[in-house]
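The numbering used here puts the first residue of the sequence shown at 1129, with every later residue one more than the last. Glycine included, C-beta positions come from ideal geometry on N, C-alpha and C. Keep in mind it's a predicted model, so treat the numbers as computed, not measured.
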Amino acid sequence: MFHKIKFSMKKILGISAFYHDSAAALIVNGEIIAAVQEERFTRDKHTADFPLNAIKYCLEEGGLELDELDAIVFYDKPLLKFERLLQTYYSFAPKGIISFLKAIPVWLNEKLFLKKLIYDGLKKVGSYDKKKVNLLFSEHHLSHAASAFYPSAYEKAAVLTIDGVGEWCTASIGLGENGQILMLKEMEFPHSAGLLYSAFTYYLGFTVNSGEYKLMGLAPYGNPNSKDTLRFKELIKDKLIDIKEDGSVWLDQSYFNYATGLRMTKDKKWEKLFGLKRREAEADLEQIHCDLAIAIQQVTEEIVIKMAEEAKRITKADYLCLAGGVALNCVANGKLLEKKIFKDIYIQPAAGDAGGALGAALAVNFMFFKEERNIDYSYDNMKGTYLGPDYSEKEIQSMNKKVKAVYNYCENFCDISESVASKLSEGNIVGWFQGRMEFGPRSLGNRSILGDARIPEMQKKLNIKIKYREGFRPFAPSVLAEKYTEYFDLDKTSPYMLLVSPVKESRRKKLPDNFHDLPLMEKLYIKRSDIQSITHLDFSARIQTVHKETNSRYWELINSFNTQTGFGLVVNTSFNVRGEPIVCSPYDAYRCFMSTDMDYLVVNDFVYYKKDQPDWENKKKWMVKFKMD
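Printed below as a string of structure tokens:
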């Protein structure tokens, strides 16, 4: 799809790269035209590579060449980051010499010459006149702040960003008003709420910068009132971290190794402190691991809420915008919403570094070029995050020929939605691929795997037979926007699956008195509600409200399911297997479909039944080995 562009309009390309979650985004006249992560094309999850394919896609979607851009913006300032690296090693010397010797050559050979890396990458995109390229750099946390404030429906709002670290900043409070963002307060490295959470991610055996959501998902298995949980919380706040009234934190660096080392923690000191060895990746999870997870989750929630209260105090704003990796902590977001510190909260759906590409472009558009901001007071300007590639019927047919797929083609979408809703109600699992791909880490109904939330075994089946991942991992509901209050105690919509709220009391089942004493996986299969497969152990759910205005096809499918079953929601998980990025192309979807126990696949108007496909039982033929996440 090409957009008609007046050449007087500002055309800005944003880029994030060289750390993790590389991405590109294009805005024209303040409108977000396209945004996508590089991983979706290369199939390398969280890739840090220069976003060559993402840039090509954005330019194609906008009908532009590199020379037509008014600016190309990188999402942080590498020289400031290098300054932080040198000063940190100097401050900790002689500690960290091994890490220093590993890091400095990379910086000297590559990252200090970032402009050259970007120019070289752009040459692979297409020919351009270097003299015409206006290459700019935005500060990391300004990029995050801009990504949240400018797409929001607020004229004025406090802006809170929290992540691991940018250049020096690890969290910031700003005030957005019309076209400007004023940064008011910052917290600096090595003190970081994001790095604290990542340290526990590492210690509990998950991968830093990708496994934090696993830690969040493990926390509800913890017993909030157990001796271990209470002891862990006390130790964290007494020994590891000092939480100030304004939400800023001080971390005792004698327990951490991330500043100058090659690991997140001083493992022996943590083992002595908690009486618990670091869990090895893939080792069995025990109750004590779950109790440590809930302890750090609750501490993180306390930090986030205090930071939000400080943002309210110094800005006096009625509304809050959130971004940065910690803003993907849906549980903390839900607790923050419950506190009603602000009238409303807006969270950037691509809150991590991928969203920095978009924020950098928006910051330059409004703060550098001083373009006028157009606010949509009904919705945000993220277009439901459906900002990635879509595929034509011709491209899908080409894939069909390549893989010799057997399919049914249906021109009437109502027939598809009714048929698929019926298949879901019978317990089938459906790969659902429609239109433009989502930007950010969540599948929101265009690249999703769907199931029936009423079926108690659905969570186990999806984890083991489809996703090939840990059995404790939770799943989210996609619920009709008109009906979410029938299922959840939530007083606002949640279109981007970024809020966790309780399942309504009336839908819950009584838990046995010995529930918290049961083995971990036995707890999982205790009946908790009439929408069992999306109800977490603490009766919570990570909610996506589905709106007809932003995704009519997904809404129609769930509405058909509601008509047939009386339940206006389905299980929604990302269309991928463990370690794989979310699928991008029809071929990605078909390959994933054939390598799992999915029953049906729907790609736009094409419907595929597994047992109709050639050699359908040979899953190994289609399996791809992805790196563990």
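Here Leu1194 is not near Gly1142, since their CB atoms are 9 Å or more apart. One alpha carbon belongs to Val1558, the other to Asn1700, and they sit about 10 Å apart. Every alpha helix (DSSP H) of 4 residues or more that sits fully in the segment 1427 to 1510 is shown, in chain order, as 1458 to 1467 and 1481 to 1491. For Glu1305, the enclosing beta strand (DSSP E) begins and ends at Cys1297 to Glu1305. Gly1191 has its alpha-carbon roughly 48 Å from the corresponding atom of Pro1584. The segment 1622 to 1639 makes contact with the segment 1659 to 1672, as at least three CB pairs between them are under 8 Å.
Judged by their CB atoms, Arg1564 and Tyr1507 are not nearer to each other than the 9 Å cut-off.
When the Cα atoms are used, Gly1599 and Val1548 turn out to be separated by approximately 26 Å. Of the candidates Ile1161, Arg1407 and Ala1299, the residue whose Cα lies closest to the Cα of Leu1450 is Ala1299. Where Trp1750 is concerned, there is no enclosing alpha helix (DSSP H), because DSSP gives it neither an H nor an E. Assigned with DSSP and collapsed to three states, Phe1384 falls in strand. Under the three-pair Cβ rule at 8 Å, the segment 1447 to 1464 counts as touching the segment 1473 to 1480. For Met1586 and Phe1603, the gap between their C-alpha atoms comes out near 10 Å. Annotation for Val1201: the continuous beta strand (DSSP E) segment containing it runs Ala1199 to Phe1202. For the pair Glu1340 and Asp1257, the Cα-to-Cα distance works out to about 42 Å.
Following the DSSP letters along the chain, one finds Asp1543 inside the alpha helix (DSSP H) bounded by residues Phe1541 to Ser1553. Burial check for Cys1542: the Cβ neighbour count within 10 Å stays below 16, so the residue is exposed. Judged by DSSP secondary structure, Leu1626 falls outside any alpha helix (DSSP H); it is assigned neither H nor E. When DSSP reads this structure, Phe1734 sits in a beta bridge with Tyr1537 and Val1731.
Ser1680 sits in a helix when the DSSP states are folded into three classes. Counting along the chain, Gln1587 sits inside the alpha helix (DSSP H) bounded by residues Met1586 to Lys1589.
Here Leu1310 has Gly1302 and Leu1303 as same chain residues with Cβ atoms under 7 Å from its own Cβ, once five neighbours each way along the sequence are excluded.
Listed in chain order, the beta strand (DSSP E) runs fully inside the segment 1360 to 1412 are 1369 to 1371 and 1377 to 1379, counting runs of at least 3 residues. By the neighbour-count criterion, in which a residue is buried when 16 or more other Cβ atoms sit within 10 angstroms of its Cβ, Phe1384 is buried. Contact between the segment 1677 to 1697 and the segment 1646 to 1657 is absent, with fewer than three C-beta pairs closer than 8 Å.
Secondary structure of Thr1289 (DSSP, three-state): strand. Judged by their CB atoms, Thr1621 and His1664 are not nearer to each other than the 9 Å cut-off.
Judged by DSSP in its simplified three-state form, Leu1323 adopts helix. Counting only residues of its own chain and dropping the five nearest sequence neighbours on each side, Lys1397 has a CB closer than 8 Å to the CB of Ser1382 and Tyr1383. Cβ contact annotation for Ala1285 (same chain, cutoff 7 Å, sequence separation greater than five): Phe1277, Gly1304, Ala1445, Tyr1447, Leu1448 and Cys1449, in chain order. Setting aside the 5 residues that flank it on each side, Cys1720 is surrounded in the same chain by Val1711, each with a C-beta closer than 6 Å to its C-beta; the list follows chain order. By the criterion of a C-beta distance shorter than 8 Å, Ala1327 is surrounded in its chain by Phe1384, Tyr1386, Met1392 and Thr1393, once the five residues flanking it on both sides are discounted. A distance below 8 Å between beta-carbons, with the five flanking residues on each side excluded, links Glu1408 to the following residues of its chain, in chain order: Gly1333. A contact is defined here as three or more CB-CB pairs under 8 Å, and the segment 1420 to 1430 meets this definition with respect to the segment 1453 to 1470.
An exposed status is given to Tyr1537, since fewer than 16 other beta-carbon atoms sit within 10 Å of its beta-carbon. Under the DSSP assignment, Asn1700 falls in the beta strand (DSSP E) whose first and last residues are Leu1697 to Ser1702.
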